[in-house]
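Chemist: Below you will find the structure I want to go over with you.
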Amino acid sequence: LPEDFDWRDKGAVTGVKDQGSCGSCWSFSATGALEGAHFLATGNLESLSEQQLVDCDNVCDPEEQGACDAGCNGGLMNNAFQYILQSGGVQREKDYPYTGRDGKCHFDKSKIVASVSNFSVVSLDEDQIAANLVHNGPLAVAINAVYMQTYIGGVSCPYICGKHQDHGVLLVGYGAGEYAPIRLKKKPFWIIKNSWGENWGENGYYKICRVRNICGVDSMVSTVAAAIS
Amino acid sequence: DDLLIRQVVDDDHSLNAEHHFTKFKTTFGKTYATEEEHNYRFAVFKSNLRRAKKHAKLDPSAVHGVTKFSDLTPREFRRQFLGLKRRLRLPADAHKAPILPTNN
């Protein structure tokens, strides 16, 4: 595995998006992973429609009662991948633009631009997460976001994390270490793409420590493969 | 905090909350419909300044401070900007990715 890796440098990541006041983080995480996988499969970077997922995806998690995708009221990335598998694919962002509100589904199958061929979950092992990132493209991950409300920059490495503030984001890379003056050492970190616009964090990105499953970042990691039509 | 230094100003003053709130409103284009709402949001903002200070202590390698979410309570923040519908754990029934080689 390379010491540092960043899919942004390789053209696999679209610009930072903004979910607005809508609990649709899960859809941005899912489209981000599929945008990367589609880029790897076809060489084309397409910005995909989150609004299609917000409006049309009602897939439920078979493992947890009530964990159904529900637009601005929340959802899950794996449910979204399942929906994309079942529906056939996702339209372009510009063909089905984001509104930040729940709306009526107007999915047009003839305008599908990217499809899922398969998706899987990655084990808690951080080397496996890094290997899957490098091999398969950006990964959909869940994270406890309690420190993200006040985050401005640097590598976040809290001693403890909260509960019930879970968020869907996109893992796009990692770094070998950024010097943390307070700890007098370099800290390896994950690079996370968020969906709160560029005026949050480090131009829309979050860096979090790559040790000990900080804030649950290793707990729910999914990789997706794009179908080539 | 250094115990040898005694705090002689109140917390709001030491946080310079009013100055930060004015700057926050300008930076993020925030306006509030009524004075009551404004005062409530200022109270939330002050609470978030204290939280940011606490986060900076608990997360010293990152920078914490005023963000565009500084006038939201943690509950409002969760409801409006998060949205993951499940506890953080590996889904047991999902297909597992094959183990990849990580050496060389």
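Respectively, the protein sequence lines represent chains A and B. Each residue of the first sequence is one higher than the last, beginning at -2 in the numbering used here. Each residue of the second sequence is one higher than the last, beginning at 713 in the numbering used here. Positions of the beta carbon are idealized from the N, C-alpha and C atoms, including for glycine. Since this is a predicted model, take the numbers as computed values, not measurements.
#1: Give the secondary structure of B:G777 by DSSP, where H, G and I count as helix, E and B as strand, and everything else as coil.
#2: Is A:A137 close to chain B? Criterion is C-beta to C-beta, closer than 7 Å.
#3: Beta carbons nearer than 8 Å to chain B: which residues of the region 101 to 128 of chain A have them?
#4: Compute the beta-carbon to beta-carbon distance between A:H161 and A:C22, rounded to the nearest angstrom, for a pair I have assumed lies under 8 Å.
#5: Going straight from the alpha carbon of A:E123 to that of A:E195, what length do you get?
#6: Quick check: what's the CA-CA separation for B:D713 versus B:F733?
#7: When the cut-off is 7 Å and only beta carbons count, does A:S46 lie next to chain B?
#8: For A:D15, list the residues DSSP reports as bridge partners.
#9: Is any beta-carbon of chain A found at less than 7 Å from that of B:R790?
#10: Confirm, please, whether the CB-CB distance from A:N200 to A:V166 is below 7 Å.
#11: What does A:K184 reach in chain B if we use C-beta pairs closer than 9 Å?
#12: Pick helix, strand or coil for B:L802, following the three-state DSSP scheme.
#13: Return helix, strand or coil for A:R207, following the three-state DSSP convention.
#14: Would the beta-carbon of A:N129 fall within 7 Å of that of A:T11?
#15: Where A:G134 and A:V113 are concerned, what is the direct C-alpha to C-alpha distance, given to the nearest angstrom?
#16: Below 7 Å between beta carbons: does that hold for A:V214 and B:A806?
#17: Report the residue ranges of all alpha helix (DSSP H) runs contained in full by the region 28 to 115 of chain A; include only those spanning at least 4 residues, in chain order.
#18: Under DSSP, the alpha helix (DSSP H) around B:L770 begins and ends at which residues?
#19: Among the residues of its own chain, which have a CB less than 8 Å from the CB of A:L136, if the five just before and after it don't count?
#20: Does any residue of chain A have a CB that is nearer than 7 Å to the CB of B:T814?
#21: Mapping DSSP to helix, strand and coil, what is A:H164?
Modeler: Walking through what the data contain:
#1: B:G777 falls in the coil class under three-state DSSP.
#2: For A:A137, the nearest beta carbon of chain B is not closer than 7 Å to its own beta carbon.
#3: Contact residues of the region 101 to 128 of chain A toward chain B are N115, F116, S117, V118, V119, S120, L121, D124, Q125, A127 and A128 (C-beta to C-beta distance below 8 Å).
#4: Between A:C22 and A:H161 the Cβ distance is about 14 Å, and since that is not below 8 Å, they are no contact.
#5: It is roughly 27 Å from the alpha-carbon of A:E123 to the alpha-carbon of A:E195.
#6: With a pLDDT of only 46 at B:D713, under the threshold of 50, the placement of this residue in the model should not be trusted; the figure read from the coordinates follows. Those two C-alpha atoms are separated by around 24 Å.
#7: Chain B contact via Cβ: absent.
#8: DSSP lists A:W193 as partners of A:D15.
#9: The C-beta of B:R790 comes closer than 7 Å to at least one C-beta of chain A.
#10: No, these two residues do not count as a Cβ contact at 7 Å.
#11: Within chain B, the residues near A:K184 are S773.
#12: Secondary structure of B:L802 (DSSP, three-state): coil.
#13: Three-state DSSP puts A:R207 in coil, outside helix and strand.
#14: No, these two residues do not count as a Cβ contact at 7 Å.
#15: Between the C-alpha atoms of A:G134 and A:V113 there is a straight-line separation of about 13 Å.
#16: Contact: no.
#17: Segments of the alpha helix (DSSP H) lying fully in the region 28 to 115 of chain A: 47 to 53 and 74 to 84.
#18: Taken as a continuous stretch (DSSP letters only), the alpha helix (DSSP H) holding B:L770 covers E747 to L770.
#19: Non-local C-beta neighbours of A:L136 in its own chain, meaning closer than 8 Å and more than five positions away in sequence, comprise A30, V119, I126, N129, L130, L167, L168, V218, S219 and T220, ordered along the chain.
#20: So, interface residue.
#21: DSSP places A:H164 within a strand segment (E or B) once states are collapsed to three.
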